[in-house]
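Participant: First, the structure itself, so that you have it in front of you.
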Amino acid sequence: MIVGSTHFHRKERLFQVEYAIEAIKLGSTAIGLKTKDGVVLAVEKRITSPLLEPSSVEKIMEIDEHIGCAMSGLIADARTLVEHARVETQNHRFSYGEPMTVESTTQALCDLALRFGEGDEESMSRPFGVSLLIAGHDENGTSLYYTDPSGTFWQCNAKAIGSGSEGADSSLQEQYNKDLTLQEAETIALSILKQVMEEKR
Amino acid sequence: MPKEQANWSPYDNNGGSCVAVAGADYCVIAADTRMSTGYNILTRDYSKICKLADKCVMASSGFQADVKALQKHLAARHLIYQHQHNKQMSCPAMAQLLSNTLYYKRFFPYYSFNVLGGLDNEGKGCVFTYDAVGSYEKVGYSSQGSGSTLIMPFLDNQLKSPSPLLLPARDAVTPLAEAEAIDLVKTVFASASERDIYTGDKLEIVVINADGIRREYMDLRKD
């Protein structure tokens, strides 16, 4: 019985991908909110020891001048994806002299997640164990996308990922509206994040 | 022993001239329709102009086999772009792509002298002019091909703006109205046909503006 991630199992399911999605439910919480003026990303740093250098914990990264992302799950896997996205956006600028749209960037990231990597040597034998919140602005305005290890992405107005995501998502549903200012969105993001972080203790 | 010379060249020059002029809200791209080889005419009715995107048109003179290959390559890339990004390529984006495509064959170039014309993202006319290996520049007007040495000085006389180094910065696009620009282009080709043996037969004019793309023809000298 082959239980590799490249094989559909008895019940027509890719267990490895499902396990990866489960693994992210243990990851640190991240929240994203979209407003007309911009998108807010907030993450839980999760300092597990007083010996840890807090400023070295980087869970929000820049992909291009106009796109950033927050991560939850296996952070090392996320770094590979962000690096790929950075290369793709710069290739696009080189080829077409224009910034890549946020959706196209998200699609490029998901293309990689779907294949578990690129090329013969660099491709992995397991899915990327990370969910991303991709935030940015382009000619279509501001946008926020949520990706998961299956390589699917959804466009959202607001989303939470990671261990506190269930509680945070329901709080977001109550508190979010499309006409928030950037400042209000920041406050909401931080207050919800604080709330779910305290709940877990 | 003296070095042997090749008696076969992968290139040929099919002659002809191309011109493009950018205006505030339009762009005029024109080329003659004569295709020749040596002192012979292959056909009097060959289009050197190719529509690459909704608001982007390319005119190329030189070796038409290479030109056709280049046009097909760019059309394919445009289709892929539309699938991946769900939108048409803008003229500046196509301009960059053309430059990269040409330089990619730096050591066996496309023998193609191009002018790209169209509207930019804001609806303003833009013209990009190239050499055979992809060096390009956004300009207000340009000509390429066998008649360019006759055409360019006249365009400079009629359209050239003061130095780009002067302040305040002036727009590259011509203040001429669309009808005036078309008239200018017709005059220019009529003159070039007089003295350039490779330019003549018929003039094809393509005009891009907010309403879309339209085509016009004018007869030129057939000798």
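Those sequence lines, one after another, are chains A and B.
For what it's worth, the working numbering labels the leading residue of the first sequence as 7, then goes sequentially.
For what it's worth, the working numbering labels the leading residue of the second sequence as 73, then goes sequentially.
All residues carry an ideal CB built from backbone N, CA and C; glycine is no exception.
Remember, it's a predicted structure, so these values are computed and weren't measured experimentally.
Tell me whether T153(A) is buried or exposed, calling it buried when 16 or more other Cβ atoms sit within 10 Å of its Cβ.
Facilitator: Result: buried.
Participant: Let me see if you follow: with CB-CB separation under 8 Å, is S132(B) close to chain A or not?
Facilitator: It does not: the Cβ of S132(B) has no partner Cβ on chain A nearer than 8 Å.
Participant: Just verifying my parser: in three-state terms, what is the DSSP assignment at D273(B)?
Facilitator: DSSP places D273(B) in coil when its eight states are reduced to three.
Participant: Chain A partners of P164(B), CB-CB under 9 Å?
Facilitator: Near P164(B) (Cβ distances below 9 Å), the residues of chain A are Y102, G103 and E104.
Participant: Decide if I8(A) is buried, meaning its Cβ has at least 16 other Cβ atoms within 10 Å, or exposed.
Facilitator: Residue placement at I8(A) is poorly supported in this model, since its pLDDT is 49, which falls under 50; the coordinates still yield a value, given next. Exposed is the call here.
Participant: Among D291(B), V257(B), N86(B) and A94(B), which has the Cα closest to the Cα of L188(B)?
Facilitator: Cα-wise, what sits closest to L188(B) is A94(B).
Participant: Apart from the five residues on each side of it in sequence, which residues of its chain come closer than 7 Å, Cβ to Cβ, to F179(B)?
Facilitator: Cβ within range, chain order: n/a, list empty.
Participant: List the DSSP bridge partners of Q168(B).
Facilitator: Bridge partners of Q168(B): none, in fact.
Participant: Which residue spans inside the segment 171-224 of chain B form an unbroken alpha helix (DSSP H) run of at least 4?
Facilitator: With a minimum length of 4 residues, no continuous alpha helix (DSSP H) run stays inside the segment 171-224 of chain B.
Participant: Ordered along the chain, which non-local residues of its own chain (more than five positions away) have a Cβ less than 7 Å from that of R149(B)?
Facilitator: Result list for R149(B): L169, in chain order.
Participant: Kindly list the residues whose CB is nearer than 6 Å to the CB of Q161(A), restricted to its own chain and excluding five residues on each side of it in sequence; keep chain order.
Facilitator: The residues are Y151.
Participant: According to DSSP, which residues form a beta bridge with F159(A)?
Facilitator: In the DSSP output, where bridge partners are listed per residue, F159(A) has T153(A).
Participant: Determine, for N172(B), whether the minimum Cβ-Cβ distance to residues of chain A falls below 8 Å.
Facilitator: Output row for N172(B): interface = yes.
Participant: Taking only beta-carbon positions, decide if Q168(B) is within less than 8 Å of chain A.
Facilitator: It does: the Cβ of Q168(B) has a partner Cβ on chain A nearer than 8 Å.
Participant: Give the DSSP-derived three-state secondary structure of E64(A) in the structure shown.
Facilitator: Looking at E64(A) - three-state DSSP - the assignment turns out to be coil, as it is neither helix nor strand.
Participant: Nearest-angstrom Cα distance between S78(A) and S197(A)?
Facilitator: Cα-Cα distance, rounded: 19 Å.
Participant: Could you pull out every residue in the same chain whose Cβ sits closer than 6 Å to the Cβ of L146(B), ignoring the five residues on either side in sequence?
Facilitator: L124, listed in sequence order.
Participant: Between the beta-carbon of A102(B) and the beta-carbon of F261(B), is there less than 8 Å?
Facilitator: Yes.
Participant: Identify each residue in the segment 136-164 of chain B for which the Cβ-Cβ distance to at least one residue of chain A is less than 9 Å, and report them in chain order.
Facilitator: Against chain A - using a Cβ distance shorter than 9 Å - the residues of the segment 136-164 of chain B are R149, Y153, Q156, H157, N158, K159, M161, S162 and P164.
Participant: Where D70(A) and R92(A) are concerned, what is the direct C-alpha to C-alpha distance, given to the nearest angstrom?
Facilitator: Rounded to the nearest angstrom, the two C-alpha atoms are 6 Å apart.
Participant: Please check if any C-beta of chain B sits within less than 8 Å of the C-beta of T107(A).
Facilitator: It does; some Cβ of chain B falls within 8 Å.
Participant: May I ask you to list the residues that DSSP assigns as paired with I101(B)?
Facilitator: Paired residues: A92(B) and V278(B).
Participant: At what residues does the beta strand (DSSP E) containing K123(B) begin and finish?
Facilitator: Here the beta strand (DSSP E) through K123(B) covers I121 to A125.
Participant: What did DSSP end up calling I30(A) once you bin it into helix, strand or coil?
Facilitator: DSSP places I30(A) in helix when its eight states are reduced to three.
Participant: For S110(A), return the contacting residues in chain B, with the cut-off set at a CB-CB distance below 9 Å.
Facilitator: By Cβ distance, chain B contributes Q156, H157 and N158.
Participant: Out of G284(B), V279(B) and K274(B), state which residue places its alpha-carbon closest to the alpha-carbon of M290(B).
Facilitator: Checking every option, the nearest Cα to that of M290(B) belongs to K274(B).
Participant: Decide if S61(A) is buried, meaning its Cβ has at least 16 other Cβ atoms within 10 Å, or exposed.
Facilitator: By the neighbour-count rule (16 or more Cβ atoms within 10 Å), S61(A) is not buried but exposed.
Participant: Would you report the Cα separation of T259(B) and A253(B), rounded to the nearest angstrom?
Facilitator: Taking the straight line joining both Cα atoms gives about 10 Å.
Participant: Say whether the segment 122-134 of chain A touches the segment 142-150 of chain A, bearing in mind that this needs 3 or more beta-carbon pairs closer than 8 Å, one atom from each stretch.
Facilitator: No, because fewer than three Cβ pairs between the segment 122-134 of chain A and the segment 142-150 of chain A fall closer than 8 Å, the two stretches do not touch.
Participant: So, with DSSP's three-state summary, where would you put L58(A)?
Facilitator: If DSSP states are grouped into helix, strand and coil, L58(A) belongs with coil.
Participant: My output table needs one value for Y289(B): the three-state DSSP class, helix, strand or coil.
Facilitator: Note: Y289(B) maps to strand in three-state DSSP.
Participant: Could you tell me which of F135(B), S133(B), P164(B) and V100(B) sits nearest to I285(B), measuring between CA atoms?
Facilitator: It is V100(B) whose Cα lies nearest to the Cα of I285(B).
Participant: For F185(B) and S263(B), which I take to be in contact (beta-carbon distance under 8 Å), what is that distance rounded to the nearest angstrom?
Facilitator: The Cβ separation is near 19 Å, so there is no contact.
Participant: Would you kindly report the start and end of the unbroken beta strand (DSSP E) that includes A357(B)?
Facilitator: Summary: the structure shown does not reach residue 357(B), with chain B confined to residues 73 through 295, and so no result is reported for it.
Participant: K127(B): which of V278(B), F135(B), A249(B) and I223(B) sits nearest, CA to CA?
Facilitator: The option with the nearest alpha carbon to K127(B) is V278(B).
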